[in-house]
Amino acid sequence: MWRYIVARVAAVVPMIVLVTMAVFWLLHGLLGDPTLLILGRDADPQTAQRLRHELGLDRPLDVQYLDWVSHAFRGDLGRSLRTHEPVAQAMRERALPTAELTILSMGLAAAGALVLGSVAAVWYGSLADFGVSSFCVVGVTLPNFLLGITLILVFALTLRWLPSGGFVSPLNNLGANLRVMILPVLTLSVAYVGILALVLKSSLRATLGAPYVQTARAKGIAERRVLVRHAVRNSLIPLLSVLGIEFGRLFGGAVVTETVFALPGVGRLLVDSILGRDFPVVQAVVASMTCGVLFVNLLVDLSYAWLDPRVSYD
Amino acid sequence: MGAVADTHTLDPHFSVDWSERPVMYAIYNTLVSATPTFEIAPELGRSWKISADGLTITVSLQPNVKFHDGTVCDAEAVKWNIDFILDKANNSPQFKQLDPFLSGVEASGPTTVVFRLKKPYAGFLAAFTERPGFIVSPAAYQKYGKDFGRNPVGTGMFQFVEWLPDDHVSVKRFDGYWGRSKASLDGITYRVVPDPAVRDTMVRTGELDITSEPDPKDIAVLQKSPGVKVVSENPSGHWWGVQWRVDRPPFNNKALRQAIAYGIDRGEFVKVMLGGRGSIANGPTPSIVWWYSRTAKGFSYDPDRAKQLLAEAGYQNGFSAQFSTDNTPVGLQFAQLLQAQLKRINVTLTINPVDPSNLYQEVLQQKVNWTRTDWTLRADPDGLLRILFYTGNYANSTGYSNPTVDKLLDQGNSTYDRNARKSIYAQIEQQVIDDAPYVWVFYPSEDAPMRTTVQEYAWIPDSVPRYRSLWLAK
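In order, the protein sequences belong to chains A and B.
Residues 20 to 333 (my numbering) are what the first sequence spells out, left to right.
Residues 11 to 484 (my numbering) are what the second sequence spells out, left to right.
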């Protein structure tokens with residue numbers, strides 16, 4: 020198993036190199052250089068040229084890329100071109116809202132999916148199944164900016180129960196933090212509840228018909244115990260696979276949710292940096308998001324063995 | 011208050027983004043300030059004297075001014091700031107605004123600064139109402155180095171407290187402020203809320219006291235909401251229009267350019283696209299500034315005249331062309347309305363949507379010809395008119411060249427006589443309207459939704475909201 024983990028972690032390195040290389044060439048090739056955005060659109064050409072030289076943007080692309088890699092390996096992610104702020108600091112400052120938003124949303128989505136997926140599978144064909152399935156389809160298809168604005172209009176403007184946006188650190192005031200996070204977490208998680216619940220429903224339906232479940236029932240084990248101990252646990256593998264895949268997409272949803280609810284997160288930093296051609300920031304954010312997605316997928320793969328003892332990594 | 015976008019730096023010597031300026035006007039003072047009609051008013055400089063040859067300008071500073079860090083803001087500090095911008099090695103984006111006319115600056119006394127000019131320049135003081143005019147603490151600048159942009163120290167009514175990126179910047183009242191009128195607010199928090207609909211909602215819920223750039227669709231609702239008002243500037247100092255390369259076919263044909271200018275129904279733009287919240291633009295100068303010309307005559311909507319000019323230009327059967335626009339909802343809406351209007355005079359537009367941050371670069375690189383554009387006025391007529399219309403200027407992206415306009419621009423900025431300047435800029439205005447390197451369409455109104463308790467909000471034609479003098483009624 021350890022050999023497996025080491026091999027998977029080692030595979031992350033070429034993946035990050037490939038991703039950052041692709042991002043680097045796309046940004047520089049398609050979007051052009053950032054000097055006009057740094058100096059303003061009425062910049063004079065001499066100043067722009069001087070700045071381009073100073074930032075090293077007049078060097079060949081492969082030289083610029085290798086320079087970035089060599090610094091990154093030494094732990095120096097550089098400074099933002101626009102704010103002069105160290106990139107590592109910029110990411111650190113925005114990590115908390117994004118981490119909290121994505122973890123809580125995924126947690127809520129997984130918990131919601133477990134309940135709704137089980138209800139739909141156990142009472143398949145009933146009104147409850149119809150209700151859950153309809154909710155899931157609506158959740159998946161509803162754009163999350165629309166849901167976000169609707170939740171704000173209902174809970175912030177009309178009922179005045181919750182704030183419209185902003186962020187309070189949980190380290191300063193946990194109660195205020197949770198109040199602020201309710202609407203963004205609901206917004207982001209609804210689509211994932213839908214996908215995960217539908218996956219669990221179909222997987223659980225297959226399991227509930229399996230001979231070992233029949234055997235368990237024949238032995239007189241209570242239905243709830245059959246469901247929780249035998250059926251659900253064995254139906255979780257497809258759910259976890261989807262969860263791993265969807266985790267990457269979650270960042271995309273986080274960008275929109277952070278914008279609507281004015282959360283100072285990494286998603287907004289990334290979009291702002293792409294629009295501003297802030298290459299060092301984009302590179303670092305993309306590299307760390309890639310690491311995050313690969314890490315979650317590694318955890319998912321490892322959890323297969325825990326869920327199903329027949330899975331072995333040796 | 012609700013900010014549209016995060017600040018990237020609070021160092022005025024490196025500031026480019028519009029979103030940074032509202033905060034900077036609270037933390038810093040400029041050397042002089044601009045009034046709502048773009049007249050020049052005293053600020054750190056309390057008076058000024060121009061020498062007979064127009065080459066020396068002596069500015070007397072307010073006495074006993076201190077920076078928030080306790081150091082003195084005197085003539086040496088002002089000189090340090092100007093020298094910093096003029097030093098090419100610093101790559102300040104503000105360099106281009108001062109270098110063309112300023113040769114050097116001296117501190118001839120504790121509160122006397124002498125500016126030496128390369129040539130007489132009437133827009134001199136106006137340049138110091140905006141970014142080149144913000145005076146920072148030299149001591150703090152040396153202390154923080156590259157991190158000064160996150161630790162700003164000025165002489166303004168408010169001093170910096172904290173900046174949580176993408177969330178908020180907060181400032182508190184500076185009790186050692188030099189001016190007679192101190193800030194009435196205890197502090198200001200600039201909360202970054204990127205979505206206009208959410209900003210508008212937050213004003214309605216009272217989470218924000220004031221914001222800017224509302225979603226135009228929300229304005230009617232905001233005006234009807236209890237406890238909310240909308241303060242507008244109409245016309246604003248911000249114009250929208252179209253531009254093309256006048257040195258490249260097909261738009262190197264003046265009759266063709268004028269035909270299109272006659273084919274645009276500006277009233278329909280204001281009515282349909284702006285919902286009535288704006289004014290028709292016939293030229294680059296709105297009626298709110300002192301150099302506006304009452305006599306300048308623009309193009310009115312006249313499809314028959316447009317067709318006649320098209321025929322004169324050699325396009326009896328109309329023509330087709332690509333029109334590039336930013337791929338934002340408003341940019342596309344503009345292009346679609348233009349497409350529908352010009353169809354009436356047999357001009358067929360193919361819309362080419364471009365990423366907003368790329369559009370201007372593509373214009374400069376001449377990858378696109380006919381595009382949507384918009385600019386905001388500077389505090390002096392020479393500011394915008396020169397960069398857009400002077401032959402070969404770096405921001406002259408239309409290839410426009412008219413020796414008469416060049417000569418008039420040189421005359422206009424070399425005399426300090428306001429009446430003479432006004433008549434010169436009226437001539438320039440008429441000439442560029444007729445030559446049509448740009449066709450002006452409208453000035454959208456600038457709107458600031460706020461709680462009814464917010465008092466004394468005034469727009470300046472550069473469209474940068476200033477919040478430092480506001481107060482709240484109980």
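C-beta: ideal position from N, C-alpha, C; glycine also.
- Chain-order list of chain B residues neighbouring P189(A): empty, with the shortest C-beta distance near 14 Å, by a criterion of under 7 Å.
- Residues D148 of the same chain have their beta carbon placed closer than 6 Å to that of W142(A), with the five preceding and five following residues left out of the count.
- If you compare the alpha carbons of V33(B), Y325(B), P22(B), Y38(B) with that of L58(A), the shortest gap goes to P22(B).
- Per the C-alpha coordinates, the member of P142(B), P73(B), R461(B), I298(B) positioned closest to F48(B) is I298(B).
- Residues of chain B with a Cβ closer than 8 Å to the Cβ of P64(A) are, in chain order, Y404.
- H103(A) belongs to the set of residues whose beta carbon lies under 7 Å from a beta carbon in chain B.
- Your pair S310(B) and T381(B) does not check out as a contact, with CB atoms roughly 23 Å apart and the cut at 8 Å.
- Leaving aside the five residues that flank P366(B) on each side, the residues in its chain whose CB is nearer than 8 Å to its CB run, in chain order, D336, N337, T338, G341.
- Taking 3 residues as the shortest admissible run, the segment 23-99 of chain A contains no complete beta strand (DSSP E) segment at all.
- Within chain A, the residues whose beta carbon sits less than 7 Å from that of F105(B) are T66, listed in sequence order.
- With contacts defined as CB atoms closer than 7 Å, L96(A) and A107(A) qualify as a contacting pair.
- One finds V208, T211, M212, T215, E217 in chain B with Cβ atoms closer than 7 Å to the Cβ of S183(A), taken in chain order.
- Below 8 Å, enough C-beta pairs join the segment 78-89 of chain B and the segment 158-177 of chain B to call them touching: three or more.
- Straight across, the Cα-Cα distance linking Q233(B) with V240(B) is about 6 Å.
- Between the segment 120-133 of chain B and the segment 311-326 of chain A, the count of C-beta pairs closer than 8 Å stays below three; the two stretches do not touch.
- If you look at D93(B), you'll find it in the alpha helix (DSSP H) that goes 85-96.
- One finds K98, A99, N101 in chain B with Cβ atoms closer than 9 Å to the Cβ of R69(A), taken in chain order.
- About 39 Å separates the Cβ atoms of S113(B) and P454(B), ruling out a contact at the 8 Å cut-off.
- Near chain B, meaning a CB-to-CB distance below 7 Å, the residues of the segment 294-310 of chain A are L294.
- Against P162(B), chain A offers no close residue; the least beta-carbon distance is about 13 Å (beta-carbon pairs closer than 8 Å).
- Shown here, Y302(B) sits in coil according to DSSP, grouped into three states, outside any helix or strand.
- In this model, F94(B) and A85(B) are separated by some 14 Å (Cα to Cα).
- By the Cβ-count criterion, R276(B) is buried, with 16 or more other Cβ atoms from all chains shown falling within 10 Å of its own Cβ.
- For Q346(B), there is no enclosing beta strand (DSSP E); the residue is part of the alpha helix (DSSP H) that begins and ends at 339-353.
- Proximity of G267(A) to chain B, defined by a Cβ-Cβ separation below 7 Å, is not satisfied.
- A residue is called buried once 16 or more other Cβ atoms fall within 10 Å of its Cβ, and E277(A) is buried on that count.
- Under the Cβ criterion of 7 Å, G59(A) is counted among the residues facing chain B.
- The shortest C-alpha to C-alpha distance from S124(A) to any of L217(A), G295(A), V32(A), S208(A) is the one to S208(A).
- At the C-beta level, G167(A) and V279(A) come within 7 Å of one another.
- With a minimum length of 4 residues, the unbroken runs of alpha helix (DSSP H) contained wholly in the segment 107-176 of chain A fall at 146-160, 163-170.
- Residue environment: L482(B) is assigned as exposed (fewer than 16 neighbouring CB atoms within 10 Å of its CB, all protein chains considered).
- Sequence-distant partners of I397(B) (beyond 5 residues in either direction) whose C-beta falls short of 8 Å from its own C-beta, in its chain, are N403, Y404, A405, N406.
- By the neighbour-count criterion, in which a residue is buried when 16 or more other Cβ atoms sit within 10 angstroms of its Cβ, T177(A) is exposed.
- The contact set of L395(B) on chain A, defined by CB atoms closer than 8 Å, is empty, because the minimum CB distance reaches about 13 Å.
- With contact defined as three or more Cβ pairs closer than 8 Å, the segment 295-308 of chain A and the segment 32-49 of chain A are in contact.
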